[in-house]
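Student: Please find one structure pasted underneath; my questions will follow.
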Amino acid sequence: MSKNSWPEVVGMSGEEAQALVEAEEGVKAQLVPAPGGVVPKDLAMSRVRIYVDNEGKVVEAPKRG
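Residue numbering for the sequence shown follows my numbering, beginning at 1171 and increasing consecutively.
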């Protein structure tokens, strides 16, 4: 069963979260500066966006799309 969300990575470094998500699901994980990070509006279930703060820490649970 595929995961759609990774709440367990909140607070991790973006790089750690990216490696974990990509290893678990075989999807492309993309780091995005938050808040207000600019991202395309298209929906792609093979992509996971990981929002990070100025220190590179994950600030919200990454989700597919």
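All C-beta atoms in this analysis are idealised placements derived from N, C-alpha and C, irrespective of residue type, glycine included.
Report the three-state DSSP secondary structure of L1201 (helix, strand or coil).
Tutor: Note: L1201 maps to strand in three-state DSSP.
Student: Are A1193 and I1220 closer than 8 angstroms when you measure CB to CB?
Tutor: no
Student: Can you find the residues in the same chain that come closer than 6 angstroms, C-beta to C-beta, to V1197, ignoring five residues on each side of it along the sequence?
Tutor: Short of 6 angstroms from the beta carbon of V1197, and not among the five residues preceding or following it, lie these beta carbons of its own chain, in chain order: S1216 and V1218.
Student: Might you give, ordered along the chain, the residues of its own chain that have their beta carbon closer than 6 angstroms to the beta carbon of G1235, omitting 5 neighbours on each side?
Tutor: L1213
Student: Going by alpha carbons, who is nearest to G1181 out of V1191, D1223 and V1228?
Tutor: V1228
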